[in-house]
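So the sequence shown is numbered by UniProt numbering: it starts at 1 and just counts up by one. Glycine included, each C-beta is placed from N, C-alpha and C at the ideal position.
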Amino acid sequence: MPMLATQIAADKTPGLEKGEKGSHETVKRSSNNLKKLFTKALRSTGVKSIFKSKTKPPKTPIDVVRRVTFLLAALDCNVDPKRFDKMQELDSLLHEMKSILYGSNECEPAVEACAQLTQELFRDNTLRLIILCLPKLNLEARKDATRIVANLQRQPVNSRLIASDYLEANPDLMDHLVSGYDDPGLALHYGAMLRECIRHQVVARYVLRSEHMKRFFDYMQIPEFDVAADATATFKELMTRHKSTVAEFLFENYDWFFTEFNAKLLESANYITRRQAIKLLGDILLDRSNSPVMTRYVSSKDNLRILMNLLREASKNIQLDAFHVFKLFVANRNKPSDIVNILVANRSKLLRFFASFRIDKEFCLFAEDEQFEADKAQVVKEIAELEAIGPLFSGELHKFPPTPTASGELYKTPTARIRQLI
């Protein structure tokens, strides 16, 4: 510290500079002067920063939530001169909130802190603010907010998932999340939140019964691939997670649902859409909870024609998934005459097709190959033994690829179980 040294040198007594021994009083005065100079120096900002930490005491989870609530509520004020600073603080606090819920590389999340944070977020309606204010946040803050909302759906407080009760009382938030698919910039964030919220049966039931379900058939065909794929993932979650709720929904909405499903998904011009749709259809129909719906679906000649046309696809994966639905039509013990006559009219083509229908060995396990061959043999046997009922008419199965093969995943459903499901 040059200034300090200069001041010390200037304050030396004349007697000392001349080499005199000096009296006891002179030494005492010099000592006092030094003490004053050091005290003055220690009070200066530069020196103080060396000896004293500037760190603030850590905020509690409740403090974090309350400050975030305040900052989110103030986002609408565009003329605030401190807006930039507040946005930076909000980014930092959202990141801190995420760290409390997820922990860090150094430590696991603290159960008590997570419970406090969760309870306060719902008590102060901060969850609502996070969802509604998402468009005003920057990208990194949106990512943190998405993970926060997702985590809250699994956070127990006193052994209860209070998120379920909160969302049941605030269903309009689900309307907002579903509508997020209308904005490509927000769709992936809102979609991830929505899938986590659907973990709660009461939320899934609300979405299934809403008009939003019809919108999903359009969302799944959005030109932006990422958005369409995300909407498809959410749709699949809705149709498979809560089996009793899904069975009730399908029973009550069979006509419009499968009209849309067939026309917009199974007969879509987009390969990815068709492939995902036929796989999902198999998952739905082969679930025991949906047995009445499956019986109704496999009794429709229009549905059979769609499946027979999917068997003609160039894609081996679509062929295989279509086979696992087609075999349900054949295994039905109470086939309507229309179904029987279409199968009989196309018998020679079907038998010729199945004679060369194989799974590529490199894409399946031995057990899967065995099960596929057993199912195929049963289908061939059933078709060969069918007898026409009344006048025959042809379906829409005209010709198959010359040497079809198939690969991909198999539904692990034994032939005997197919019979039981029917």
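Straight-line Cα distance separating residue j from residue i
| i | j | result |
| --- | --- | --- |
| R274 | R199 | 26 Å |
| D255 | D369 | 36 Å |
| A388 | G282 | 27 Å |
| V293 | F249 | 10 Å |
| K349 | M174 | 49 Å |
| E89 | E260 | 47 Å |
| K399 | F235 | Bear in mind that a pLDDT of 42 at K399, under 50, signals an unreliable position, so the number given afterwards is only what the model happens to contain. The alpha-carbon atoms of K399 and F235 are separated by roughly 33 Å. |
| F216 | N262 | 14 Å |
| M97 | K86 | 16 Å |
| I222 | K59 | 44 Å |
| L194 | K335 | 40 Å |
| L75 | K82 | 11 Å |
| E382 | L307 | 17 Å |
| T126 | L134 | 12 Å |
| Q155 | S104 | 17 Å |
| K316 | A169 | 47 Å |
| E313 | L72 | 52 Å |
| Y219 | A247 | 23 Å |
| A110 | D172 | 32 Å |
| A360 | C107 | Sequence check: residue 360 is Asp here, not Ala. So the two alpha carbons sit approximately 47 Å from each other. |
| S289 | E224 | 34 Å |
| L311 | K301 | 15 Å |
| A374 | A355 | 13 Å |
| Q319 | V298 | 18 Å |
| D91 | S210 | 34 Å |
| E252 | Q378 | 33 Å |
| D270 | A228 | Before going further, note that residue 270 is Asn rather than Asp in the sequence given. Approximately 11 Å, taken between the alpha carbons. |
| K136 | S268 | 36 Å |
| N309 | A187 | 33 Å |
| residue 489 | K214 | No information on residue 489 is available, as it lies outside the stretch 1 to 422 that the chain covers here. |
| D183 | Y102 | 28 Å |
| E237 | S291 | 19 Å |
| L132 | F84 | 20 Å |
| N341 | L386 | 9 Å |
| A41 | Q153 | Residue placement at A41 is flagged as unreliable, the pLDDT there being 46, under the threshold of 50; the coordinate-derived value follows with that caveat. For A41 and Q153, the distance between alpha carbons rounds to 55 Å. |
Within 9 Å, strictly: CB atoms of residue i and residue j
| i | j | result |
| --- | --- | --- |
| I339 | N346 | no |
| F122 | Y166 | yes |
| I162 | L117 | no |
| N151 | A115 | no |
| residue 464 | H95 | There is no way to answer for residue 464, as the model of the chain reaches only from 1 to 422. |
| H242 | L286 | no |
| V330 | L351 | no |
| L304 | L265 | no |
| S164 | V202 | yes |
| A113 | I100 | yes |
Paired residues, beta bridge with residue i - DSSP
| i | result |
| --- | --- |
| V157 | R160 |
| R288 | For R288, which the question treats as bridged, DSSP gives no partner whatsoever. |
| R312 | None, per the DSSP bridge assignment. |
Residue burial classification, residue i (beta-carbon count within 10 angstroms, cutoff 16)
| i | result |
| --- | --- |
| I148 | buried |
| A277 | buried |
| R160 | exposed |
| C197 | buried |
| L328 | buried |
| F372 | buried |
| N138 | exposed |
| F326 | buried |
| F258 | buried |
| A384 | exposed |
Cβ-Cβ separation, residue j to residue i (assumed contact under 8 Å), whole Å
| i | j | result |
| --- | --- | --- |
| F239 | I284 | Per the sequence shown, residue 239 should be read as Met rather than Phe. Sure, about 6 Å apart at Cβ, within 8 Å. |
| residue 425 | G191 | Outside the shown range of the chain, which is 1 to 422, sits residue 425, and nothing can be said about it. |
| residue 425 | E120 | Outside the shown range of the chain, which is 1 to 422, sits residue 425, and nothing can be said about it. |
| K376 | F357 | 7 Å |
| R205 | T245 | 5 Å |
| K279 | D321 | 5 Å |
| D212 | T146 | A quick correction: the sequence has His, not Asp, at residue 212. Contact doesn't hold; Cβ gap of about 20 Å is too wide. |
| L93 | R67 | 6 Å |
| D124 | T69 | 5 Å |
Cutoff 9 Å: residue i Cβ touching any chain B Cβ
| i | result |
| --- | --- |
| T232 | The displayed structure is made up of one protein chain only, and chain B is not part of it. |
Near the ligand SAH: residue i beta-carbon under 8 Å from a heavy atom
| i | result |
| --- | --- |
| P171 | Inclusion of the ligand SAH in the displayed structure is not the case, the ligand content being empty and no account of it being possible. |
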